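With the numbering used here applied, the sequence shown covers 35 to 214.
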Amino acid sequence: SYFIVAQIIEMPYRSVLIYGFYLAVVNTLGMLIARSFETRSRKDFHLAHLLQHEKKKVNQLAASLEFKVRSRTRELIRTNEILTREIGERQLIEDKLRISQQRYSSLQSNIPIGLYRISKGEVLTANPAMLEIFKAESERTLLSRPVVDYFKIPADMDALLEQLRGKDRIINTEVQLMRT
35 SYFIVAQIIE
45 MPYRSVLIYG
55 FYLAVVNTLG
65 MLIARSFETR
75 SRKDFHLAHL
85 LQHEKKKVNQ
95 LAASLEFKVR
105 SRTRELIRTN
115 EILTREIGER
125 QLIEDKLRIS
135 QQRYSSLQSN
145 IPIGLYRISK
155 GEVLTANPAM
165 LEIFKAESER
175 TLLSRPVVDY
185 FKIPADMDAL
195 LEQLRGKDRI
205 INTEVQLMRT
């Protein structure tokens, strides 16, 4: 059971209006303030949710990037190891080549057989024995003339070149050369 207690007070009509208006304004202000708090709370909740979502995306991207960095680092380490090995092999080959060139140069300089290299009819190099055979004062003197000038019969040079082109070598061939 409920009891309703009411008291009837006589008030002037004007006071009732003012009191009613006052209650309506205060009630409206209260509702506006409550609505403002609710809107701000909803906005904060939404922003917090978005922030959490963006943090997850950033963490996923960071993990993906970290994986890619590790993978690329492994590839670079492998490539670096290969390059280091290739550089070492190349240095060994260059050392062997330098030694071989030194031996060739020593052999060419000290062999008592006349040796020379030609290209396109020009003497490129000649060893000391060749200089002696042609009685040339210097290698420069020998190099200053075309090869054909040293053949007593210029056609012999063409025959030698044909033999060289056909068999990749000259065997048992005799030609007469002239000294400088």
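C-beta: ideal position from N, C-alpha, C; glycine also.
It should be emphasised that the depicted structure is a prediction, and the values quoted were computed from it without experimental measurement.
Item	Value
In DSSP terms, what Y150 is bridged to	A160
M212 and K186 closer than 8 angstroms at C-beta	yes
Limits of the unbroken alpha helix (DSSP H) element including G122	47-144
Touching by the beta-carbon criterion (3+ pairs, under 8 angstroms), the segment 148-163 and the segment 122-136	no
C-beta atoms of V157 and L177 nearer than 8 angstroms	yes
Distance between D192 and R203 (C-alpha atoms, nearest Å)	14 angstroms
Own chain partners of A160 with C-beta closer than 6 angstroms, once the 5 adjacent residues on each side are dropped	Y150, E173, L176
Distance between L195 and N206 (C-alpha atoms, nearest Å)	14 angstroms
Residues that DSSP places opposite L176 in a beta bridge	L176 pairs with nothing; no bridge assigned.
Option in I127, K102, D190 with minimal Cα separation from E208	D190
For L211: DSSP bridge partner residues	F185
Straight-line Cα distance separating G200 from R33	Past the edges of the chain, shown from 35 to 214, lies residue 33, and the structure says nothing about it.
Rounded Cβ spacing between S143 and P162 (contact assumed at less than 8 angstroms)	6 angstroms
Y184, buried or exposed, once every other Cβ within 10 Å from all chains shown has been counted against 16	buried
Assigned secondary structure, D202 (DSSP; H/G/I helix, E/B strand, else coil)	coil
Helix, strand or coil at E196 according to DSSP, with G and I counted as helix	helix
DSSP three-state assignment for E166, whether helix, strand or coil	helix
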